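Engineer: Each residue of the sequence shown is one higher than the one before, starting from 2 at the first, in our numbering. Where is the CB? At the ideal position from N, CA and C, for every residue including glycine. Bear in mind that the values here come from a model prediction, so they are computed numbers and not experimental data. Before anything else, here's the structure in question.
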Amino acid sequence: MIHRIQPNYKKATLFKNIQPEIALIVCRPYRLSGTLKGMRLPGATSNMPAGDTEHGRIRLMAITDLHSWLLPFDYDRDCPNVGLGLASLADIVADARSEAETSFLFDNGDTYQGNVLAEHVANSALGLTPHPVARALGDLGLDAAVPGNHDFDFGVDRLTYIVASAPFPFILTNLVTELAEDPIADTSFLRPFALFERKVRTGPDRVRTIRLGVLGFIPPRMPLAANCRPVARLKGRDITDTARAWIPELRRHGADLVVALCHCGLGSDASDASGDDHARKVARLDGIDAVVSGHRHQEAAEAGSEGVAPIVAPGAFGSHLGLIDLDLTFSEATGWKIVQKHCELRPATREPGPAARTVSNLAAPLHDRVRSILSERIGETSLTLETCLAGIRPLAATQLIADAMQREARKRLGERWRETPLFASAAPYRTSHDGSPDNFVQIPPGPLLLRHAYLLYPFANRLTILKMTGSELRDWLERAARFYRPMPAETEDTEILDPSVPGYGFDLAHGMRFAIDLSAAPGRRIREMALPCGQPIGPHDELLLAASSYRARIWADLADDRIIYESPGLIRDMLIHHIQTSGPVRPAPEPGWHFLPQPGRTALFSLPGRARAVAEAAGLQWEECPGEDRGRVRIAL
Numbered sequence: 002m003i004h005r006i007q008p009n010y011k012k013a014t015l016f017k018n019i020q021p022e023i024a025l026i027v028c029r030p031y032r033l034s035g036t037l038k039g040m041r042l043p044g045a046t047s048n049m050p051a052g053d054t055e056h057g058r059i060r061l062m063a064i065t066d067l068h069s070w071l072l073p074f075d076y077d078r079d080c081p082n083v084g085l086g087l088a089s090l091a092d093i094v095a096d097a098r099s100e101a102e103t104s105f106l107f108d109n110g111d112t113y114q115g116n117v118l119a120e121h122v123a124n125s126a127l128g129l130t131p132h133p134v135a136r137a138l139g140d141l142g143l144d145a146a147v148p149g150n151h152d153f154d155f156g157v158d159r160l161t162y163i164v165a166s167a168p169f170p171f172i173l174t175n176l177v178t179e180l181a182e183d184p185i186a187d188t189s190f191l192r193p194f195a196l197f198e199r200k201v202r203t204g205p206d207r208v209r210t211i212r213l214g215v216l217g218f219i220p221p222r223m224p225l226a227a228n229c230r231p232v233a234r235l236k237g238r239d240i241t242d243t244a245r246a247w248i249p250e251l252r253r254h255g256a257d258l259v260v261a262l263c264h265c266g267l268g269s270d271a272s273d274a275s276g277d278d279h280a281r282k283v284a285r286l287d288g289i290d291a292v293v294s295g296h297r298h299q300e301a302a303e304a305g306s307e308g309v310a311p312i313v314a315p316g317a318f319g320s321h322l323g324l325i326d327l328d329l330t331f332s333e334a335t336g337w338k339i340v341q342k343h344c345e346l347r348p349a350t351r352e353p354g355p356a357a358r359t360v361s362n363l364a365a366p367l368h369d370r371v372r373s374i375l376s377e378r379i380g381e382t383s384l385t386l387e388t389c390l391a392g393i394r395p396l397a398a399t400q401l402i403a404d405a406m407q408r409e410a411r412k413r414l415g416e417r418w419r420e421t422p423l424f425a426s427a428a429p430y431r432t433s434h435d436g437s438p439d440n441f442v443q444i445p446p447g448p449l450l451l452r453h454a455y456l457l458y459p460f461a462n463r464l465t466i467l468k469m470t471g472s473e474l475r476d477w478l479e480r481a482a483r484f485y486r487p488m489p490a491e492t493e494d495t496e497i498l499d500p501s502v503p504g505y506g507f508d509l510a511h512g513m514r515f516a517i518d519l520s521a522a523p524g525r526r527i528r529e530m531a532l533p534c535g536q537p538i539g540p541h542d543e544l545l546l547a548a549s550s551y552r553a554r555i556w557a558d559l560a561d562d563r564i565i566y567e568s569p570g571l572i573r574d575m576l577i578h579h580i581q582t583s584g585p586v587r588p589a590p591e592p593g594w595h596f597l598p599q600p601g602r603t604a605l606f607s608l609p610g611r612a613r614a615v616a617e618a619a620g621l622q623w624e625e626c627p628g629e630d631r632g633r634v635r636i637a638l
């Protein structure tokens, strides 16, 4: 039997699921037609004498940052990538569910953007059927999801379609359409929480009902920097503050346990930690019982401690399933209490089994179509385009992107800006130091296919032209220079790339000169800023920077007066057009930046084994790392 408890909210819906024991989902339940307290529900009775303690267990399962990887296949490289994709997780989910009588499965966001398959679906006509990724997740028995920041990349209308057609509810607590004095009174964009009821066996012939409240969080500024302008009309709240306000509200409506789906990084557990990575801070809040972390593609399983909730961060692209097992006690006097917590990450299988077939069959037509599209030839390159040496020297790969951006920017700028210096900021989006060791670009001389454009520029960003001063441009470059670890004067042969800073953060301006002082503290490393002709750039000089819409909106803090142009088209499309109309491309990486000389000192860069030929072709001496498929190069500073 299913009990309907209808809140006073027009979007409230009872979602059906493949697990019929779900009894209740409350969308916005702070004004109910009835109360939860004292309601007789299935399984809420027991033959035990009053005062006796019963024992039960629930399992929470989580996926995060799937980025539309339905299959273990890398479309940009046109090759299998075993151990990734939802199909590779399907049997892991089935096995984990079979081990626990009461379980929940959650998706933690960044699910509908991230590869060519996602863009192909986004460019298709809207219909009444669920998004194929949502359908596949529904077939796996997903209970609820939070959207990630990249799920806004194709616009609010597209996300609304996904939400409306999905066979499970979406939850978003801290991104709203209108702010009020109290987070509870905000006008919601999506349902701010969900409440589930499940039966938990507490003995051979006893079951109890447990009510699980779920909150969903997202870095409040991130979606506002999305490519679709209407998103900027949404309002964000601090994750920790919003959670603190909503926890008692869920408890008031009967939640025995509260789970936070945090599409944000782990961050620090310090109460005064800044930034958008709040998962560990949320885990320390009174009333939070479990946390799922994502966004940063981290892998972690932290069981927590007294007063600290367990956390799982299950990687990305379907690499892992996060599991949190909660051992519980129940008594009439105290209700449900957690007595033990266990966390683990289970890697995706490299040999998908029976449960994977449902996902594979669903994805097959899309898979074939996408591969066919990406095989189109768009041009030719006369030299190797690579990103494995990102951070060591200027790259032809990022220069090619910058050339395409500057070409489009010059075409769009009017007479007013003709004499103003224009630079283009481009990043190596795939670098081996911040993820898989093979996560870098290496395109040999020869034909360029459409998939190579996606390999070079994987994100659906638009071109934005920013107006800034020389001082502000220095700040932009200082942010990029965090790519390096501090290297004090007394150190020698230091590994200087900071693995916590992703490659896309190395967003350098092309078309100018500057030096990076590795001996200086972060924020004080940029020296000798100048135009290509050698003229110094002063702190008050007026400049233009062509950048991605994503970076630009974060930097400009949504201030439209700093943005003088936003393109309707994607930077990747500009790159494709540039390749198609330039003949064989031979982007000459300008000697735009260099390390400030430090006589007698050297630094080390670790590289995957596949990068050896590129490193040696660049004149760098390769040193083997014994027992590893890695090496390193030593550069003179």
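(1) What does a CB cutoff of less than 6 Å around Arg332 pick up in its chain, not counting 5 residues either side in sequence?
(2) Between which two residues does the alpha helix (DSSP H) harbouring Val283 extend?
(3) Let me confirm a value: Ile185 is counted as buried when at least 16 other C-beta atoms fall within 10 Å, else exposed. Which label applies?
(4) Beta carbon of Leu71, beta carbon of Leu87: below 9 Å?
(5) Go ahead and label Asn462 buried or exposed: buried means 16 or more other beta carbons lie within 10 angstroms of its beta carbon, across all protein chains shown.
(6) I'd like the span of the beta strand (DSSP E) that includes Met62, first residue to last.
(7) Return the CA-CA distance between Ala398 and Asp499, expressed in angstroms with no decimal places.
(8) For Cys626 and Glu496, I'd like the C-alpha separation in whole angstroms.
(9) For Val83 and Ser550, what's the separation of their Cα atoms in angstroms?
(10) Check whether the region 371–388 touches the region 541–549, counting contact only when three or more Cβ pairs, one atom from each stretch, lie closer than 8 Å.
(11) Mapping the DSSP letters down to three states, classify Asp630 as helix, strand or coil.
(12) Under 8 Å by Cβ, that's how I've got Gly1 and Arg297 pegged, so tell me the actual separation to the nearest angstrom.
(13) Helix, strand or coil: which one does DSSP assign to Ser376?
(14) For Lys338, count the other beta carbons within 10 Å of its own beta carbon; 16 or more makes it buried, fewer makes it exposed. Which is it?
(15) I'd like the span of the beta strand (DSSP E) that includes Leu384, first residue to last.
(16) Assuming the contact rule is C-beta atoms closer than 8 Å, Pro315 and Ala304 should be a hit. Round their C-beta distance to whole Å, please.
(17) Where Arg252 and Gly288 are concerned, what is the direct C-alpha to C-alpha distance, given to the nearest angstrom?
(18) What are the residues that DSSP puts in a beta bridge with Gln443?
(19) Could you check the C-alpha separation between Lys38 and Leu258 for me, to the nearest Å?
(20) Any contact of the region 230–250 with the region 200–208, i.e. 3+ C-beta pairs under 8 Å?
(21) Does the contact criterion of 3 or more C-beta pairs under 8 Å hold for the region 512–522 versus the region 629–636?
(22) In terms of residue numbering, what span does the beta strand (DSSP E) encompassing Asp326 cover?
(23) Nearest to Ser269 by CA position, among Lys468, Ala280 and Gly295, is which residue?
(24) With a Cβ-Cβ cutoff of 9 Å, do Arg514 and Gly593 count as a contact?
(25) Ends of the alpha helix (DSSP H) at Gln341?
(26) Measure the C-alpha to C-alpha separation of Ile565 and Lys468 and round it to an integer number of angstroms.
(27) Please go through the same chain and pick out, in chain order, the residues whose beta-carbon is closer than 6 Å to the beta-carbon of Lys236, but skip the five residues on each side of it.
(28) Met406 lies in the alpha helix (DSSP H); which residues open and close that run?
(29) Please classify Arg635: does DSSP put it in a helix, a strand, or coil?
(30) Tell me which residue opens and which closes the beta strand (DSSP E) that Tyr668 is part of.
(31) Let me know if Gln400 comes out buried or exposed under the rule of 16 or more other beta-carbons within 10 Å of its beta-carbon.
(32) Specify the secondary structure class of Trp70 as computed by DSSP and reduced to three states.
(33) Which whole-angstrom value describes the C-beta separation of Gly295 and His321, a residue pair presumed to lie in contact below a C-beta threshold of 8 Å?
(34) Mind checking which residues open and close the alpha helix (DSSP H) that includes Pro315?
(35) Check for me: the alpha helix (DSSP H) holding Glu479 runs from which residue to which?
(36) If we ignore side chains and look at the alpha-carbon of each, how far apart do Arg209 and Asp328 end up?
Structural biologist: Based on what the coordinates show:
(1) Stepping through the sequence shown from its first residue, residue 332 is reached at position 331. According to the sequence displayed, residue 332 carries Ser and not Arg. Cβ within range, chain order: Thr54.
(2) One-based indexing of the sequence shown puts residue 283 at position 282. Note, Val283: alpha helix (DSSP H), Ala280 to Ala284.
(3) Numbered from 1 along the sequence shown, position 184 holds the residue referred to as residue 185. So Ile185 ends up on the exposed side.
(4) By one-based count along the sequence shown, residue 71 stands at place 70. By one-based count along the sequence shown, residue 87 stands at place 86. Closer than 9 Å, so yes.
(5) Counting from 1 along the sequence shown, the entry for residue 462 is found at position 461. Around the beta carbon of Asn462, 16 or more other beta carbons sit within 10 angstroms, so the residue counts as buried.
(6) Taking the first residue of the sequence shown as 1, we reach residue 62 at position 61. Glu55 to Ile64 is the extent of the beta strand (DSSP E) around Met62.
(7) Here residue 398 is taken as the residue at index 397 of the sequence shown, counted from 1. Here residue 499 is taken as the residue at index 498 of the sequence shown, counted from 1. In this model, Ala398 and Asp499 are separated by some 21 Å (Cα to Cα).
(8) As a first step, residue 626 is located in the sequence shown; it is residue number 625 there, counting from the start. As a first step, residue 496 is located in the sequence shown; it is residue number 495 there, counting from the start. Straight-line spacing of the CA atoms in Cys626 and Glu496 works out to 13 Å.
(9) Along the sequence shown, read from residue 1 onward, the residue named residue 83 stands at position 82. Along the sequence shown, read from residue 1 onward, the residue named residue 550 stands at position 549. Distance between Val83 and Ser550, taken at the CA atoms: about 33 Å.
(10) Judged by Cβ distances under 8 Å, the region 371–388 makes no contact with the region 541–549, as fewer than three pairs qualify.
(11) Here residue 630 refers to the residue found at position 629 of the sequence shown. Reduced to three states, the DSSP call for Asp630 is coil.
(12) This structure cannot settle anything about residue 1, because the visible part of the chain is limited to 2 through 638.
(13) Counting from one through the sequence shown, the residue named residue 376 turns up at place 375. Three-state result, Ser376: coil.
(14) For the purposes of this step, residue 338 is taken as the residue at position 337 of the sequence shown. Exposed is the call here.
(15) Looking up residue 384 in the sequence shown gives position 383. Per DSSP, Leu384 belongs to no beta strand (DSSP E) and is neither H nor E.
(16) What you label residue 315 is simply residue 314 of the sequence shown in a count that begins at 1. What you label residue 304 is simply residue 303 of the sequence shown in a count that begins at 1. Contact between Pro315 and Ala304 fails: their C-beta atoms lie close to 15 Å from each other, not under 8 Å.
(17) Here residue 252 corresponds to residue number 251 of the sequence shown, with the count starting at 1. Here residue 288 corresponds to residue number 287 of the sequence shown, with the count starting at 1. Each residue's Cα considered, the two are about 8 Å apart.
(18) Locating residue 443 in the sequence shown gives position 442, where the first residue counts as 1. When DSSP reads this structure, Gln443 sits in a beta bridge with Glu387.
(19) As a position in the sequence shown, residue 38 is number 37, starting the count at 1. As a position in the sequence shown, residue 258 is number 257, starting the count at 1. Because Lys38 sits at a pLDDT of 30, beneath the cut-off of 50, its placement in the model cannot be relied upon, and the point is left open.
(20) Contact fails: fewer than three Cβ-Cβ distances are below 8 Å.
(21) Touching, no.
(22) Taking the sequence shown and counting its residues from 1, one reaches residue 326 at position 325. Taken as a continuous stretch (DSSP letters only), the beta strand (DSSP E) holding Asp326 covers His321 to Ser332.
(23) In the sequence shown, the residue the question calls residue 269 occupies position 268. Measuring from the Cα of Ser269, the nearest candidate turns out to be Ala280.
(24) For the purposes of this step, residue 514 is taken as the residue at position 513 of the sequence shown. For the purposes of this step, residue 593 is taken as the residue at position 592 of the sequence shown. Taking C-beta atoms as the reference points, Arg514 and Gly593 count as a pair closer than 9 Å.
(25) Taking the sequence shown and counting its residues from 1, the one referred to as residue 341 is at position 340. Note, Gln341: premise wrong, no alpha helix (DSSP H); beta strand (DSSP E) at Gly336 to Pro348.
(26) In the sequence shown, residue 565 corresponds to position 564, counting from 1. In the sequence shown, residue 468 corresponds to position 467, counting from 1. Roughly 7 Å separates the two Cα atoms.
(27) As a first step, residue 236 is located in the sequence shown; it is residue number 235 there, counting from the start. Closer than 6 Å at the Cβ level, and outside the excluded window around Lys236, lie Val177 and Leu180.
(28) Translated into positions along the sequence shown, residue 406 becomes position 405. Its alpha helix (DSSP H) spans residues Ala397 to Arg413.
(29) Position 634 of the sequence shown, counted from the first residue, corresponds to residue 635. Secondary structure at Arg635: strand, using DSSP grouped into helix, strand and coil.
(30) Residue 668 lies beyond the range of the chain shown here (2 to 638); nothing can be said about it.
(31) For this step, residue 400 is matched to residue 399 along the sequence shown. Classification of Gln400: buried, given that the 10 Å Cβ count is 16 or more.
(32) Your numbering for residue 70 matches position 69 in the sequence shown. DSSP places Trp70 outside both helix and strand once states are collapsed to three, so it counts as coil.
(33) Looking up residue 295 in the sequence shown gives position 294. Looking up residue 321 in the sequence shown gives position 320. Not a contact, Cβ separation roughly 11 Å.
(34) As a first step, residue 315 is located in the sequence shown; it is residue number 314 there, counting from the start. Per DSSP, Pro315 belongs to no alpha helix (DSSP H); it is in the beta strand (DSSP E), Ile312 to Pro315.
(35) The residue given as residue 479 occupies position 478 in the sequence shown. Residues Gly471 to Ala481.
(36) Your numbering for residue 209 matches position 208 in the sequence shown. Your numbering for residue 328 matches position 327 in the sequence shown. A straight-line Cα-Cα distance of about 14 Å links Arg209 and Asp328.
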